[in-house]
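Data first, discussion second: the structure below is written as structure tokens.
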Amino acid sequence: MINKLLCTTAVLLALAGCSRSDPNLNQTGANPDLPGLNQTLVPPMKIATPIGWDGETPTVPDGFVVTPMATDLQIPRQILVLPNGDILIAEGSGGHAPKLRPKDIIAGVIKAKGKTSVKGGNRITLLRDANGDGQPEVRTTFIDNLDAPYGMAFVDGALYVAEQGALVRFDYQPGQTRITASRQEVTKLPSAINHHWTKSLTASADGQTLYVGIGSNSNIGERGLAVEQDRAVVWAIDRQTGAHRTFATGIRNPTALAIEPTTSALWAVVNERDELGPQLVPDYLTSVREGAFYGWPYSYWGQNIDPRVRPQNPDLVQSAIAPDYALGSHVAALGLSFATAGGFGGGFSQGAFIGEHGSWNRQDLSGYKVAWVPFSGGRPAGPPVDFVTGFIKDGEARGRPVGVTFDAQRRILLVADDLSNTVWRIAPRR
Amino acid sequence: MPAVAAFRERLNPFRGILMAFPIALFSSALISDIAYLKTAQMQWSNFSAWLIVGALVFGGLAGLWALIDLALSWRTPARRAAVIHLAALALAWVLGLINAFKHSQDAWSSVGAFGLTLSILSTVLILIAGWLAYSNSTVREIA
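Protein chains in written order, with our numbering: chain P, 1 to 430; chain V, 1001 to 1143.
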């Protein structure tokens, strides 16, 4: 039995072994190196076993301190800071994709090994740290009984929450620690299957439009292309009427949206497809151009054809544009927040913080950190820099970053960690 | 060894039942693979994936029986057929295992030319194994 197990393992390793990463490839920036397609019978996989922080903290650059602002959360995802400085944390887990193949069952078991065992809260928690010492005096459940809340935006005295199946509004009284107003549905969001269930949200600079990112219903169309109607898109929703138009398409899984402060342009971080090798396809940060097609599922990084999709669509591929800035393959970017009002100053004045949840589809763990992409004139200007690290220790995962939020009032960065169920607070050392 | 021969004959229905599964399932997977390649409808590929797994489960049990049968027929004229039967079955099973992984790839890659080839080979080999299983009865030896 043991022998059989060893043999099986050896065979699987042999099948996956021919797909090692080449450390010399530069997979970040505007023109990432793209190796050839490398499909293997078993995709290269490495799941970092969760071990927790054991009293330790992530690593931040010199001149900064990091402290846990809240622990024992129930799968924190995205963070929003209200005008009065109160911090909202969306907690939960969604998706109801049926398992269609033996693979779905096996992959589910494997990927669960890298996740928390805590059940998603389906709520929004409020933290109040009025004196700004990093220790909240108040912690309450702000809104309960939500359906996998993820994106949040605050506009004109109301909180907007993107649940996995609807965009909803809650009217808010300043200073409230618990919402009393009833929930108002702005519009339903596509939620059948919800293979990628997170609905990212941000408001336009003038507050009139709400942008919602809707992920694809599969890796690459393996659930059939019919279920991809209204998926892998960004919707622009009129805040008053709830009417929507499709703003951009072919954008596989836009997991966080944000407005760039100097140009007011919409930007997104997007998770690209798996199982083409350890270094395909790079996840990316991009400005979201109205009417643009970003390739999914037919092509990646512009017009590189993905042969797995049939029937192919060469005419549409001709219109595919390449994103602005690669973040690295399989880093799983889930958080995006621009530094505003001068950021932390110095090298961290203008740019974007990116929360990278971390990879499964490569042997060399990638992501598992918060990166900083410097900007100049509203465009990325230079290679990414590590900002928060230490999520991996000896190949095991202490945490996994999701949402990141820069709070200009307090000059802090908040990072949601959905493995250790913590929100980290990073502040300049006084 | 009349006792052993009688024992083999008494167990023969088990082999018949076990072999019926991989014979039917591998060949059905071949048909649904062809249907997928003709239509690009994912459901056909999903069917194939489960059919192949079913063929592996029952094919594995049939292989176990083929091993026992080989031991029992070691000193008889039936040995040659038993060896070929086991070899064909084992090869069909190994190719089926590779095909199960092939069918775990996404969309068109779940079948493609390689998956179809494996399905054809598994089907042909399992039919050979079945032919030998069903014709290699002790009746013939006695006659």
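The beta-carbon is built from N, C-alpha and C at its ideal position, and this holds for glycine as well.
On the DSSP bridge assignment, give the partners of Leu266 of chain P in chain order.
P:Ile259
Using a Cβ cut-off of 9 angstroms, pull out every chain V residue sitting near Asn219 of chain P, in sequence order please.
Asp1106, Ala1107
Quick check on Arg410 of chain P: does DSSP put it in helix, strand or coil?
coil
Rounded to whole angstroms, what's the CA-CA distance from Leu1018 of chain V to Ala1062 of chain V? Just pull it up for me.
5 angstroms
Residue-level contact to chain V via CB, Glu275 of chain P, 8 angstroms cutoff
yes
Beta carbon proximity, Lys103 of chain P to chain V, threshold 8 angstroms:
yes
Near Gly1130 of chain V, which residues of its chain fall below 6 angstroms by C-beta distance, leaving aside the five closest residues on each side in sequence?
Met1019, Ile1023
Ile220 of chain P classed as buried or exposed, judged by whether at least 16 other C-beta atoms fall within 10 angstroms:
buried
Supposed close pair Phe338 of chain P, Pro261 of chain P - CB separation, criterion 8 angstroms
5 angstroms
At 7 angstroms on the CB atoms, spell out the chain V contacts of Pro311 of chain P, in chain order.
Ala1040
Please state whether the Cβ-Cβ distance between Asp192 of chain P and Ser264 of chain P is less than 8 angstroms.
Note on residue identity: the sequence assigns Ala, not Asp, to residue 192 of chain P. Going by C-beta atoms, Ala192 of chain P is not nearer than 8 angstroms to Ser264 of chain P.
Residue-level contact to chain V via CB, Leu100 of chain P, 8 angstroms cutoff:
yes
Which residues of chain V have a Cβ atom closer than 7 angstroms to the Cβ of Arg308 of chain P, listed in chain order?
Asp1106, Ala1107, Trp1108, Ser1109
Report the CB separation of Val331 of chain P from Ser359 of chain P in whole angstroms; it is logged as a contact under 8 angstroms.
6 angstroms
Give the residues from the segment 35-67 of chain P that approach chain V closer than 7 angstroms (Cβ to any Cβ), ordered along the chain.
Gln39, Leu41, Val42
Selection of the segment 1046-1070 of chain V by Cβ proximity to chain P, strictly under 9 angstroms
Asn1046, Ala1049, Trp1050, Ile1052, Val1053
Helix, strand or coil: which one does DSSP assign to Leu210 of chain P?
strand
At least 3 beta-carbon pairs within less than 8 angstroms: the segment 202-217 of chain P vs the segment 1094-1101 of chain V:
no
Residue range of the beta strand (DSSP E) that Arg245 of chain P falls in?
244-249
Applying the criterion that 16 or more other CB atoms from any shown protein chain within 10 Å of the CB defines a buried residue, is Phe1007 of chain V buried or exposed?
exposed
Candidates P:Ser19, P:Pro50, P:Gly29: which alpha carbon is nearest Arg398 of chain P's?
P:Pro50
CB-CB length for Ser1027 of chain V against Thr1123 of chain V, believed under 8 angstroms:
5 angstroms
Range covered by the alpha helix (DSSP H) that runs through Val288 of chain P
Val288 of chain P -> no alpha helix (DSSP H), and no H or E assigned at all.
Cα-Cα separation, Ile75 of chain P to Tyr172 of chain P:
24 angstroms
Can the beta-carbon of Ala1088 of chain V be found less than 8 angstroms from the beta-carbon of Leu1125 of chain V?
yes
Please give the ranges of any beta strand (DSSP E) in the segment 341-410 of chain P, keeping only runs that are unbroken, at least 3 residues long and fully inside the region.
351-356, 369-376, 385-388, 401-407
Contacts around Gly1059 of chain V, its chain only, beta-carbon distance under 6 angstroms, and the 5 residues preceding and following it disregarded
Pro1022, Trp1093
Close beta carbons around Thr187 of chain P, own chain, < 8 angstroms, minus the five adjacent residues each side
Ala166, Leu167, Ile237, Gly242, Ala243, His244
Pull up the CB-CB distance for Asp54 of chain P and Asn421 of chain P, whole angstroms please, since I reckon it's below 8 angstroms.
Their Cβ separation, rounded to whole angstroms, is 14 angstroms, which puts Asp54 of chain P and Asn421 of chain P out of contact at 8 angstroms.
Comparing C-alpha positions only, which one of P:Leu146, P:Asn145, P:Leu127 sits nearest to Glu137 of chain P?
P:Leu127
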